[in-house]
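For reference, the structure discussed in these notes is given below.
2 protein chains.
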Amino acid sequence: MSDDLINWFDKSQAVFTSLKEIMFSTFTERMQRLHDMPKKACNILWWPFTQHKFVPQENVTVIDSRCGENFAVHKVQSFDLISQQFDACASWWTQGPDASLQIELARDMGYTAARYGHVMFPENVYEPALELAELLLEGVGKEWASRVYFSDNGSTAVEIALKMAFRKFLFDNEVLLDLTNASMVERCIDLKVIALRGSYHGDTLGAMEAQAPSPYTGFLQQPWYKGRGLFLDPPTVCMHNGLWKLYLPVKMQTEKFELEYVSFSSRDEIFKSNRDGSGLAGCYRSFISQELLLNRDSSGFSHIAALIIEPVIQAAGGMQMVDPLFQRILVRECQSRKIPVIFDEVFTGFWRLGTESSAELLCCQPDISCFAKLMTGGIIPLAATLASDAVFKAFVGDSKLKALLHGHSYSAHAMGCMAAVKSIKWFKDCTTNVNLIGESRLLQELWDSELVCQISLHPAVHRVVALGTLCAIELQAEGSNVGYASMYASSLLKKLREDGIYMRPLGNVIYVMCGPCTSTQVCRSILEKIFAAIQESSQVSGLATCVVEK
Amino acid sequence: MSDDLINWFDKSQAVFTSLKEIMFSTFTERMQRLHDMPKKACNILWWPFTQHKFVPQENVTVIDSRCGENFAVHKVQSFDLISQQFDACASWWTQGPDASLQIELARDMGYTAARYGHVMFPENVYEPALELAELLLEGVGKEWASRVYFSDNGSTAVEIALKMAFRKFLFDNEVLLDLTNASMVERCIDLKVIALRGSYHGDTLGAMEAQAPSPYTGFLQQPWYKGRGLFLDPPTVCMHNGLWKLYLPVKMQTEKFELEYVSFSSRDEIFKSNRDGSGLAGCYRSFISQELLLNRDSSGFSHIAALIIEPVIQAAGGMQMVDPLFQRILVRECQSRKIPVIFDEVFTGFWRLGTESSAELLCCQPDISCFAKLMTGGIIPLAATLASDAVFKAFVGDSKLKALLHGHSYSAHAMGCMAAVKSIKWFKDCTTNVNLIGESRLLQELWDSELVCQISLHPAVHRVVALGTLCAIELQAEGSNVGYASMYASSLLKKLREDGIYMRPLGNVIYVMCGPCTSTQVCRSILEKIFAAIQESSQVSGLATCVVEK
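Order-wise, the sequence lines are chains A and B. Counting along the first sequence from 1, when you hit position 225 you're at 225 in our numbering, and nothing is skipped either side. If you want our numbering, it's the 1-based position in the second sequence plus 1000.
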């Protein structure tokens, strides 16, 4: 028996050797591939928002996989290793699942691809699209929206919203009744939106036109851009040296407003609706009325055909928190003049700011609202533009040409809808989302208030905004170190990557973002590391003064 | 023992009864849901390109699932049933998988969601994105493209392409060297594209501006649209009464062109490069030169900063086939004047027209090219804009502001990239795609030539274009029955749905589209049914003359 075994080993040796060789060469190939990826990436990929000249291959992150909120990153040191990095960019503000939701979503994606692949949407209905529409209307669209229009991303959702708003405006102004009136049509080609400076709504031309001039809209980016808006500087709020304060733009710093800034006893006070009766509210109201009045032509016709705002937080514009009182009054002033109101909730929607819709924080409702990013839990693109019944009715008529002729091939694709259905249900269920306060749809405070306050007191820190899943920190900087193109934060962020936190700055603003289900323990530990890195950087290299701009 | 069993049954009866009740009530609920779906859909969905007034709930198709090329449609007749319908719209031109690829994709989607979810793209690399970029550059970008820029859909891919082209144009015209020269910058705000009338590039404003006025771009849709192009009427080709013929636009119908139309001995003849030396080619060349000359300003500066075309087939514009000789000459004339050339291959790419890229059919290469739809096999949104090295270099510089600052949250999302990698490999592998001719990357003829010819001879048919996976049929119509808003084909298509074919018209143009792997037997049987329906409709209701416009 023993001889037999030895004989068998002898005879099989070639097989074992060959198996070993195959395994070894496969492993070697895989390792080689991982080693080569940064160089290949630098040679053939074209990353968005990236100056390739500034990205040497050693700065490229090789992502082997992700689990919940963490990337598994391949690194070459003395040996190959896979290390965890917290995805503090929330993969560009989309990321939502913890590890358990990711597993559930994976199962659903396989199922949905097998059951539906993608099926065509117009005049058809299938379960994932219908269920998602129902969930949206019961949730983020509750009490005001009656229709759901699907597209692929925030930018297209905004393009659709603008088309809806303009049609509603033309309908209310009875332009639609007389399309043969050439002078009326001519006048309406110059329609404008009101928007707030620093807001961002996407990179397709229509969405760009609704934004004030910024690095994203410059001549170098798209020579066709001209900015078709009345762009107002908004009053902002933030925590500065441990206190929540109001900052008024220059145009409002008149004696009427009495104070250059106001302090608040707490963040909650900022959102209280009893501010509506304050002197400041009156000042906001007359300021807005005045601006609207100035934008009428000689016959009294207003070219302002829509208001578009990011409720509460202007994200890409540097994570600025706008005074919700100002936004609420702006919404009401517009609606009272039949100017349709669009909320761009692409960033703020779905618990990003602690509430299902950030309209709840503003205590008012739009006519049209845009959602994307976190809607699918952050795994796959899908967007929705919600509209009120009055908006929808402006497209109903006796010709196909009156319908909204805007579409993308994958409108309401089954996999996106299924991912959204699963994620929204998961986020709003207190058995799966431990961050919900009781049976409410509100998240508990995720960022330790004491720690946030301490960070804001550090001399290297100019301001902090912590709200919902977001904690943004503007570093104290001057001159060319301020603004989108600044490289000011790069050495700090490099250090944080070594500490297991993957961040990307908006100029001199850094931020950390978690999912709606991320535990407060994880949030605390991440924020502690960031605070430590700020402290260390400012001691070692004098962050606040000495970082050389590249 | 037998008594024991009877006792057990007696004791367990309540359990069985309750199980039966649960199963019965679950089934009843499911059936009720399917019954209610059309009504709910009509109440809360807002379909793209759809006049809701024309869609009563009995016209809504309830799609229970799909398998390969077929929908499983729920119908209520005397009893509930699920019936198969061939997805002849190819779910709006995206659909590619046969049943076996769909299963493979489902497996990959589950795996990719579990492994990556979505991970952030800029400055990062992960296997699906890198592998897809490699496959694109070896395939559709072979010999000309060096970079891949990812986005979500055809419209965003075109917006990106336009930004690339304009920058390249500014770079070549040395405008970038002197941005302080205000008059130069001012002049460049009026940049235009050349495009062909009837082309369609998407519904976001930038993509719209590159299209000639059409129902999709009207004042009712987006008052901001003005059409920033030199729009040329293209010469078209099609099969008419059994012969492939050329149709010249009015502007070319001069004595120079000698003939009002030319016939071809076969479709292949149309694509032959020996046509470059013909008299017609000379006429095209001088016509194009003349048009370009007229678009210079007094100082000789040309405002034409890009050419954008759909190679060979203008899809949404009514499935028009443009004379490839004209497009080839247009491309060459532009490139010789340093006008960057964009191919919009969103519809035509990935074997839609029988070749991996339809640039192969034109025998020339672009500077920038846009892909989407079929790229992921048709299950999930993803787009790519490919660019030459010269285009990429116009964005490299010493400031982030010179980088291309255009992005969408799900840029290069892992699931989309993985679906595309699997699909492209599957389509180009002759062991998985039986339609490939030998080891080539060309599809065999999918539509029976004899049958196509017969259809074109029918008096109710005005023209036919059969190429690759597409067979388009323009019905003979007059007056308001012609064009996008026409309801002319609706009764014919209703009949075909009863025959198991789901179609949607482009006005009086109907079409059938299959996947790159669909068998010729299936194609033949579908086309036979369509021919039979045309014959029957024209006999019974006098299709060509008597259908009342709704």
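Don't be surprised by glycine CBs; every beta carbon is placed ideally from N, CA and C.
Residue span of the alpha helix (DSSP H) that contains residue i, given as start and end
{"i": "A:R66", "result": "Note, A:R66: premise wrong, no alpha helix (DSSP H); beta strand (DSSP E) at 61-67."}
{"i": "B:S1002", "result": "1002-1044"}
{"i": "B:W1351", "result": "That residue, B:W1351, is in no alpha helix (DSSP H); it is neither H nor E in DSSP."}
{"i": "B:I1379", "result": "No alpha helix (DSSP H) holds B:I1379; DSSP gives it neither H nor E."}
{"i": "B:Y1111", "result": "1099-1115"}
{"i": "B:G1154", "result": "1154-1172"}
{"i": "B:A1212", "result": "Element bounds for B:A1212: n/a, residue is neither H nor E."}
Extent of the continuous beta strand (DSSP E) to which residue i belongs
{"i": "B:R1463", "result": "1461-1467"}
{"i": "B:F1147", "result": "Looking at the sequence provided, one finds Arg at residue 1147 of chain B rather than Phe. First-last of the beta strand (DSSP E) with B:R1147: 1147-1151."}
{"i": "B:C1238", "result": "1236-1240"}
{"i": "B:C1370", "result": "1368-1371"}
{"i": "B:A1610", "result": "With chain B covering only 1001 through 1550, there is no way to say anything about residue 1610 of chain B."}
{"i": "B:W1426", "result": "Where B:W1426 is concerned, there is no enclosing beta strand (DSSP E), although the alpha helix (DSSP H) it sits in stretches over 1414-1428."}
{"i": "B:G1202", "result": "B:G1202 -> no beta strand (DSSP E), and no H or E assigned at all."}
{"i": "A:V73", "result": "70-76"}
{"i": "B:D1344", "result": "1341-1344"}
Residue(s) in a DSSP beta bridge with residue i
{"i": "A:L137", "result": "In the DSSP output, where bridge partners are listed per residue, A:L137 has none listed."}
{"i": "B:D1087", "result": "B:Y1502"}
{"i": "A:T385", "result": "A:Y149, A:C370"}
{"i": "B:C1471", "result": "B:A1466, B:V1512"}
{"i": "A:S302", "result": "A:R296"}
When the options are compared against residue i, the one with the closest alpha-carbon
{"i": "B:L1034", "options": "B:L1362, B:T1094, B:D1098, B:V1062", "result": "B:V1062"}
{"i": "A:Q222", "options": "B:A1161, B:W1144, B:G1096, B:V1331", "result": "B:A1161"}
{"i": "A:E269", "options": "A:E291, A:L325, A:P235, A:G227", "result": "A:L325"}
{"i": "A:M31", "options": "A:F171, A:P311, A:K75", "result": "A:K75"}
{"i": "A:P122", "options": "B:Q1051, B:R1066, B:S1146, B:D1152", "result": "B:Q1051"}
{"i": "B:V1391", "options": "B:W1144, B:I1309, B:N1241", "result": "B:W1144"}
{"i": "B:G1229", "options": "B:G1218, B:V1073, B:L1191", "result": "B:L1191"}
{"i": "B:F1589", "options": "A:N124, A:L294, A:I437, A:M415", "result": "One cannot answer for residue 1589 of chain B here, as it falls past the ends of chain B, which runs 1001 to 1550."}
{"i": "A:G515", "options": "A:N433, A:S449, A:M503", "result": "A:N433"}
{"i": "A:A41", "options": "B:Y1225, B:A1412, B:D1323, B:K1402", "result": "B:A1412"}
{"i": "B:S1146", "options": "B:S1480, B:L1386, B:S1456", "result": "B:L1386"}
{"i": "B:V1331", "options": "B:L1374, B:Y1284, B:M1375, B:S1151", "result": "B:Y1284"}
{"i": "A:R441", "options": "A:R463, A:T376, A:L470, A:R352", "result": "A:R352"}
{"i": "B:G1154", "options": "B:G1349, B:D1087, B:K1425", "result": "B:G1349"}
{"i": "A:S265", "options": "A:I103, A:S151, A:C238", "result": "A:C238"}
{"i": "A:K272", "options": "A:C363, A:S298, A:I501", "result": "A:C363"}
{"i": "B:S1399", "options": "A:F395, A:P97, A:S399, A:S480", "result": "A:S480"}
CB of residue i within 8 Å of CB of residue j, strictly
{"i": "B:L1307", "j": "B:I1342", "result": "yes"}
{"i": "B:V1148", "j": "B:S1369", "result": "no"}
{"i": "A:G110", "j": "B:R1115", "result": "no"}
{"i": "A:L105", "j": "B:A1113", "result": "yes"}
{"i": "A:S409", "j": "B:A1372", "result": "yes"}
{"i": "A:L196", "j": "A:Q314", "result": "yes"}
{"i": "A:T156", "j": "A:A383", "result": "yes"}
{"i": "B:G1202", "j": "B:V1158", "result": "yes"}
{"i": "A:V312", "j": "A:L243", "result": "no"}
{"i": "B:A1489", "j": "B:I1510", "result": "yes"}
{"i": "A:V421", "j": "A:L135", "result": "yes"}
{"i": "A:Y551", "j": "A:Y216", "result": "No information on residue 551 of chain A is available, as it lies outside the stretch 1 to 550 that chain A covers here."}
{"i": "A:M120", "j": "B:C1089", "result": "yes"}
{"i": "A:A281", "j": "A:F166", "result": "no"}
{"i": "B:V1512", "j": "B:C1471", "result": "yes"}
{"i": "B:G1397", "j": "A:K53", "result": "yes"}
{"i": "A:S91", "j": "A:G378", "result": "yes"}
{"i": "A:C517", "j": "A:L132", "result": "no"}
{"i": "A:C417", "j": "A:I194", "result": "no"}
Nearest-angstrom Cβ-Cβ length linking residue i and residue j, presumed shorter than 8 Å
{"i": "B:L1506", "j": "B:S1537", "result": "About 18 Å separates the two Cβ atoms, so there is no contact after all."}
{"i": "A:L137", "j": "B:I1044", "result": "6 Å"}
{"i": "A:L451", "j": "A:L527", "result": "5 Å"}
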